[in-house]
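Chains as they are written, first to last, in our numbering: chain V, 10 to 384; chain U, 82 to 606. Each residue gets a CB set at the ideal place from its N, CA and C atoms; glycine is no exception. Notes for the one structure printed next.
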């Protein structure tokens, strides 16, 4: 495989190898949810085989007045795994945005770096010959459209454009991200349960201020660490924790998992018992598509919006809420979220209370230092 | 044997399980008691091993071949063909998907060797359905006829896979009609909705592999039937599926992919039968690996992860198996002066009887260690030259690895019962950490063949009901009745038939509040 990233310190283009790494890194940043990156990965690999590597542009390299558009898939991952998107469907929302705004798109970006949507913009970038931006608007995965840093900074989510595989295109103006979520969801059902969408068209200046920078590079680095450790038969978890400024929360095995489907989301909780040096400990992990809360003996270990990921103890590979099985040996790790999620508006949007957990948010750094977190 | 001693009414069944190293065969009577078992090496030409196993089974048991009523075969032929990319047939694929699905073409995740083996004819045609059964676009029959015409003379089978065909199979069925029209009535056609569930790439992969395996399974079935005939056995012939049920040989000829990975399922079911337990871990130690499965309420626990076959993702339901590289032939190495002992993961495999130290060979194996430590007595074993300290250290590693693997498969912290089967189970001591009881049933080294012989026959139904005309309960009951009748029709004993799978998909946008119901029932022969 040709290595197009000869500059060791800087990822400048996405080649096949980079896509493989990002898919794994995105699953770690997906904190158990965000959808399987498998289809997005295959779409990106196919594109790169056809067009060659796709250029990656950093936020600081953008002109302030350039137009950047997030592109993602909305709907049920199960539907997308059956009704895979068409190629045209991935560029049509860009055409509609350009027509509405009367100018060209300079770069596309993932709306979320966690899970399946991380690689979705690759195909549009290649088809249009524009770069993909090394940034997203979450720094992880979240389930709803308004859960983006652009929303926190009051950036207009409109115009919003959507497309299905038949050629139907939609142009929509929503008063805010919450209304966008309602209307886009309803359209998605009519479009057959899965659609492509552009929202929050932003300027270069807005990207620099409000996006979470360098997250594709971060996903790449995570994937690289996991793959290289696997090849060298080393435990990757330590390296990963260092890379992400994270904390090992718990080492143990899954002894009970309860899932239920509510309003299109997989909700539930899993119980883990400590193994080896941590025998006697018990951790509870609560999830709604993503892992949102980890507790032990009436105390929080990590709380949304900080990231909680489950890694296979041997391989370090991420485990999703869907694939978590009884008996799985895991290391639960926690990472600090982007600081914007810790503001009052950030916590109102994605904090524990929004997801129905009546507990206070305490940053993971404080919890790790033994401060606060009593339930 | 005097005539009077022979029970006039007694009938028998033969179960054969062909694995990578050994071919096991078992003879059971009508009460399903095991009469005799044999083990022979799996040969290059797999059929030779099958013939040899039947010959010995009959000769050593003295059973009259005419009294054998059923013969069941579980085999690794199809798995091997895919993994080795050998004997695969050329398949033409029509994906009914455009305008959707074009961003990931067919065979996208196949490596070049497998692509080359299956051939270049893969097309994406217009068509497909939504998740609720609505049509995305109609078929363009001229387009499909054109693709089929290009396959003429270049493919041995056709596979058809449409978007959401598990919800609505009409377009797939129409393409099958066109394929027969253009490529001849004899052209085999695999329809993806008969093979797998939602997840188009996995289902498409499985359908293509199914088409590529038709020649392989034809050879297997023909070889098996000829072998039986040559011994004067006139029995009903069944092939094992990976869900633990059997298919009649004529059905197997159409759905070879369903035979993939039936070995572990057979072992778990055999272990359940031999031990009389319904809930336990089954630890099957062979020549190269230890496979641990979970027996829950008498059936193997299914895996939730995507299953790869020969590097290709499929969506089969497979038993949840943890494999570790420890078996009877696993190689034990001792570093300088016996200081660092390592175990495996490589194995001498079927060459154990030649290369193992106790058999006069030059390689220290896990079996040598077990015999040296007195776990098992082997006539003429040469244990004198073996270093006791190395053996003890190796044994500690083997025991610890098996205990660790058992712990991984447990679903609670409580101790579990373990059923030990497979020829390599002599490696294991009588006590293991985290294990309540270790059960070593009779015929433990042929549990897979016994499991094959026990297989149940199944019947399936798939129907759309209108809930405007009946209740949900009435619809489910009707589907279940129909599946039971199908199982009985296939030869199942009505008294033993149970529903083994039941799923319903609401078709929200179809008129009349429609519900798609799929039910599978299975019972004993």
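- Quick one: what's got a C-beta closer than 7 Å to residue 476 (chain U)'s C-beta in the same chain, skipping five residues either side? The answer, listed in chain order, is 450, 454.
- Query: Grouping DSSP H, G and I as helix and E and B as strand, with all else coil, what is residue 127 (chain V)?
  - Reply: Looking at residue 127 (chain V) - three-state DSSP - the assignment turns out to be helix.
- Query: Is residue 157 (chain V) helix, strand or coil when you go by DSSP?
  - Reply: Per DSSP, reduced to three states, the secondary structure at residue 157 (chain V) is coil, with no helix or strand assignment.
- List the residues of chain U that residue 318 (chain V) touches, going by C-beta distances under 8 Å, in chain order. Chain order gives no chain U residues near residue 318 (chain V), where near means a beta carbon separation below 8 Å; the closest approach is about 18 Å.
- Message: With distance defined between alpha-carbon atoms, name the residue in U:139, U:521, U:230 nearest to residue 117 (chain U).
- Response: Comparing alpha-carbon positions, the option among U:139, U:521, U:230 lying closest to residue 117 (chain U) turns out to be U:139.
- For residue 62 (chain V), collect the residues of the same chain with a Cβ closer than 7 Å to its Cβ; drop the 5 residues on either side in sequence, then sort them by chain order. Result list for residue 62 (chain V): 13, 22, 23, 24, in chain order.
- For residue 288 (chain U), return the contacting residues in chain V, with the cut-off set at a CB-CB distance below 7 Å. The contact set of residue 288 (chain U) on chain V, defined by CB atoms closer than 7 Å, is empty, because the minimum CB distance reaches about 14 Å.
- Does any C-beta atom of chain V lie closer than 8 Å to the C-beta of residue 207 (chain U)? Residue-level contact check: residue 207 (chain U) does not touch chain V, since none of the beta carbons of chain V fall below 8 Å from its beta carbon.
- Taking C-alpha atoms, which residue in U:380, U:208, U:370, U:257 lies nearest to residue 357 (chain U)? Closest by alpha carbon: U:380.
- Message: For residue 293 (chain U), which residues in the same chain have their Cβ closer than 6 Å to its Cβ, ignoring the five residues on either side in sequence?
- Response: Within the same chain, residue 293 (chain U) has close Cβ partners 169, 170, 172, 199.
- Between the stretch 180–206 of chain V and chain U, which residues of the former have a C-beta closer than 8 Å to a C-beta of the latter? Listed in sequence order: 201, 202.
- Compile a chain-ordered list of the residues in the stretch 71–100 of chain V whose CB is closer than 9 Å to at least one CB of chain U. Flagged, chain order: 85, 87, 88, 90, 91, 92, 93, 94, 95, 96, 97, 98, 99.
- Query: From the DSSP output, which residues share a beta bridge with residue 137 (chain U)?
  - Reply: Answer is none; residue 137 (chain U) lacks a bridge partner.
- Message: Per DSSP, what are the beta-bridge partners of residue 229 (chain V) in this structure?
- Response: Residue 229 (chain V) has no beta-bridge partner at all, per DSSP.
- Query: Closer than 8 Å, Cβ to any Cβ of chain V: which residues of the stretch 174–203 of chain U, in chain order?
  - Reply: Correct list: 178, 179, 180, 181, 182, 183, 184, 185, 186, 189, 190.
- Message: For a minimum of 4 consecutive residues, which ranges assigned as the alpha helix (DSSP H) are wholly contained in the stretch 166–253 of chain U?
- Response: Segments of the alpha helix (DSSP H) lying fully in the stretch 166–253 of chain U: 193–199, 222–232.
- Query: Given a threshold of 16 other Cβ atoms within 10 Å of its Cβ, counted over all protein chains shown, does residue 491 (chain U) qualify as buried or as exposed?
  - Reply: Classification of residue 491 (chain U): buried, given that the 10 Å Cβ count is 16 or more.
- Message: Please identify the residue among U:575, U:337, U:440 whose C-alpha is closest to the C-alpha of residue 562 (chain U).
- Response: Of the candidates U:575, U:337, U:440, the residue whose Cα lies closest to the Cα of residue 562 (chain U) is U:575.
- Closer than 8 Å, CB to CB, is residue 55 (chain V) near chain U or not? At a cut-off of 8 Å, the C-beta of residue 55 (chain V) has a neighbouring C-beta in chain U.
- Taking 8 Å as the CB-CB limit, is residue 10 (chain V) close to chain U? Confidence at residue 10 (chain V) is low in this model, with a pLDDT of 38, below 50, so its placement is unreliable and the value that follows should be read with caution. Chain U contact via Cβ: absent.
- Query: When the Cα atoms are used, what is the spatial distance from residue 274 (chain U) to residue 253 (chain U)?
  - Reply: Rounded to the nearest angstrom, the two C-alpha atoms are 8 Å apart.
- Select from V:295, V:265, V:246 the residue whose C-alpha is nearest the C-alpha of residue 254 (chain V). The candidate whose alpha carbon is nearest that of residue 254 (chain V) is V:246.
- Ordered along the chain, which non-local residues of its own chain (more than five positions away) have a Cβ less than 6 Å from that of residue 86 (chain U)? Its pLDDT being 45, under 50, residue 86 (chain U) is placed unreliably in this model, and the coordinates cannot settle the point.
- Task: Using alpha carbons as the reference points, say which of U:447, U:597, U:319 lies closest to residue 533 (chain U).
- Result: Of the candidates U:447, U:597, U:319, the one whose C-alpha sits nearest the C-alpha of residue 533 (chain U) is U:319.
- Task: Quickly, what does DSSP pair residue 120 (chain U) with across the bridge? List them, please.
- Result: Answer is U:105, bridged to residue 120 (chain U).
- Item | residue 558 (chain U) and residue 600 (chain U) closer than 8 Å at C-beta | No, they are not a contact pair.
- Query: Out of V:146, V:49, V:88, which has the shortest C-alpha to C-alpha gap to residue 348 (chain V)?
  - Reply: Checked all of V:146, V:49, V:88; the closest Cα to residue 348 (chain V) is V:146.
- Quick one: grab the DSSP three-state call for residue 340 (chain V). DSSP places residue 340 (chain V) in strand when its eight states are reduced to three.
- Could you tell me whether the Cβ of residue 599 (chain U) comes closer than 8 Å to any Cβ of chain V? No - not a single Cβ of chain V is within 8 Å of the one on residue 599 (chain U).
- Message: Any heavy atom of the ligand PLP closer than 7 Å to the beta-carbon of residue 426 (chain U)?
- Response: No copy of the ligand PLP occurs in the structure displayed, which carries no ligand at all.
- Given a limit of 8 Å on CB to CB distance, which residues of the stretch 225–245 of chain U reach chain V? Going along the stretch 225–245 of chain U in chain order, one finds 244, 245 with a Cβ nearer than 8 Å to chain V.
- Message: I'd like to check one pair, residue 282 (chain U) with residue 185 (chain U): are the Cβ atoms closer than 8 Å?
- Response: Contact flag set, yes.
- Query: Using the rule of at least 16 other Cβ atoms within 10 Å of the residue's Cβ for burial, across every protein chain shown, is residue 223 (chain V) buried or exposed?
  - Reply: Residue environment analysis places residue 223 (chain V) among the buried positions, since at least 16 neighbouring C-beta atoms fall within 10 angstroms of its C-beta.
- Task: Out of V:251, V:235, V:252, point me to the one whose CA is closest to residue 244 (chain V)'s CA.
- Result: For residue 244 (chain V), the closest C-alpha among the options V:251, V:235, V:252 is that of V:235.
- Out of U:216, U:552, U:264, point me to the one whose CA is closest to residue 251 (chain U)'s CA. Answer by Cα proximity: U:216.
- By DSSP, does residue 285 (chain V) sit in helix, in strand, or in coil? Taken through DSSP and simplified to helix, strand or coil, residue 285 (chain V) comes out as helix.
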